[in-house]
Amino acid sequence: MSLADIVASELPPQITPAFPPPAFTAEQAEQLIACPLCDTLHEERDVATGETARCARCHEVLEAPRSLAMTRIIMLALSALVLMVAAMFFPFLELSVAGRVQRSSLLDTILAFSSGMTAPLTIAMASLIVVLPSVRFLSLVYVLAPMAFGHRPARHAEFFFRLADHLRPWAMAEVFIVGVAVALVKVAGLAHLSIGPAFWAFVALVIVTVLKDTFMCRVTVWKTLEQRRQ
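Each residue of the sequence shown is one higher than the one before, starting from 1 at the first, in full-length UniProt numbering.
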């Protein structure tokens, strides 16, 4: 036995994968779609309106085109912007303690931390509760409105749709309303609370946002953008 054979016998055996990963060309890779939940690759196919394409592994919805979906999303986004304005300026809560009444709006709540060391908190609240959700709604309207009327996509529509998608985890209106509900339970025993119209406007804003995200299929929007560009 030679020295090379002895060294080779001391090395651990190489493990050969039972299912080697397939090698895709650039053209083949463009025809694949990854599951947003488990990253399983699927061959992209045309899905008829009203049908639903699901992941073969985890059954997550991959594509679900619906008729008039873009029009519904636009209307919900515009409704959310109107509700956001109402929630900002109308009375949010009314607090009554020992004959003293204090009314506050959402804008007053944000500006309450605008002085001193808490100034960054004002910027964070305004951004996460008002600015980022509003930018997301406006971006969706900008992207979908021309295509809903049968026109070509607007300039830089892909950038604004990608922006709206990236802002989704940072738009925390839902988290804010849950925090307010918890605070109301704790303060209710100390003072008399009256819920203003802005509170219900904000609740409606959260519901409209959930409905909008339910109607919107990201894959269908991207496909529509590509087809209308051509």
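We put the CB at the ideal spot given by N, CA and C, even for glycine.
- Between Met172 and Ile129, the gap from beta carbon to beta carbon is short of 8 Å.
- Between Ala157 and Val143 the beta-carbon gap is near 5 Å, inside 8 Å, which marks them as a contact.
- Runs of the alpha helix (DSSP H) spanning 4 or more residues and lying entirely within the stretch 131-193 occur at 132-148, 157-167 and 173-187, in chain order.
- Within the model, the alpha-carbon separation for Phe90 versus Ala198 is close to 5 Å.
- Across the structure, Val210 and Ser115 are spaced so that their CA atoms are roughly 34 Å apart.
- DSSP places Arg45 outside both helix and strand once states are collapsed to three, so it counts as coil.
- Non-local beta-carbon contacts of Ala64 in its own chain, meaning distances under 6 Å to residues more than five positions away in sequence, involve Thr52 and Cys217 in chain order.
- Straight-line spacing of the CA atoms in Gly196 and Val82 works out to 17 Å.
- Within the model, the alpha-carbon separation for Arg152 versus Leu93 is close to 45 Å.
- Rounded to the nearest angstrom, the Cβ distance from Ala80 to Leu163 is 16 Å, too far for a contact under 8 Å.
- Boundaries of the alpha helix (DSSP H) harbouring Leu106: Leu106 to Leu111, taken from the DSSP string.
- Leaving aside the five residues that flank Val203 on each side, the residues in its chain whose CB is nearer than 8 Å to its CB run, in chain order, Ile177.
- Ranked by Cα distance from Cys58, the options Thr224, Pro36, Leu138 and Leu184 are led by Pro36.
- Bounds of any alpha helix (DSSP H) do not take in Leu128, whose DSSP letter is neither H nor E.
- Here the alpha carbon of Cys55 sits roughly 7 Å from the alpha carbon of Thr40.
- Sequence-distant Cβ neighbours of Ala77 in its own chain, meaning closer than 7 Å and more than five residues away, are Phe137, Leu140, Val141 and Lys212.
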